[in-house]
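Chemist: Numbering (the UniProt record's numbering), first residue to last: 1 to 102. We put the beta carbon where it would ideally sit given N, CA and C, even for glycine.
This is the structure:
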């Protein structure tokens, strides 16, 4: 059984027991959140919402918050002595898919 959920403006395909990193959620560690469920597939049967599947539910347990590895953003224009170097670390929330119910 798997589901497609939407959180942080992105869509993820999840299965029970799976860990994933999503965009930073403004909740405390250890709490359970319920994102929007777009699709659920079980034993070859696929149920899709228009756009949300109201009778489906996915429970995500928040494990921790953190930041990804640093990326370097470097812009330059040749022959014009224009260079800008900037680093960025995207915040994330690691969640555990506890249950998918229909």
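#1: Taking all protein chains shown into account, do 16 or more other C-beta atoms lie within 10 angstroms of the C-beta of residue 5, making it buried, or fewer, making it exposed?
#2: Would you mind listing the beta strand (DSSP E) stretches within the region 60-94 that are 3+ residues and don't spill past its ends, in chain order?
#3: Only counting the same chain, and skipping five residues up and downstream in sequence, which positions put a Cβ closer than 6 Å to that of residue 70?
#4: Do you know offhand how far residue 74's Cα is from residue 81's?
#5: Do residue 19 and residue 100 have their CB atoms nearer than 9 Å?
#6: Residues bridged to residue 20 by DSSP?
#7: Measuring straight from C-alpha to C-alpha, what distance separates residue 98 and residue 72?
#8: Does the distance from the CB of residue 95 to the CB of residue 25 come in under 9 Å?
#9: Terminal residues of the continuous beta strand (DSSP E) containing residue 45?
#10: Start and end of the beta strand (DSSP E) containing residue 40?
Modeler: The structure says:
#1: buried
#2: 71-77 and 82-88
#3: Only 87 and 89 meet the Cβ criterion.
#4: 13 Å
#5: Cβ distance not < 9 Å, so residue 19 and residue 100 don't count as in contact.
#6: 95
#7: 35 Å
#8: yes
#9: 45-48
#10: 36-42
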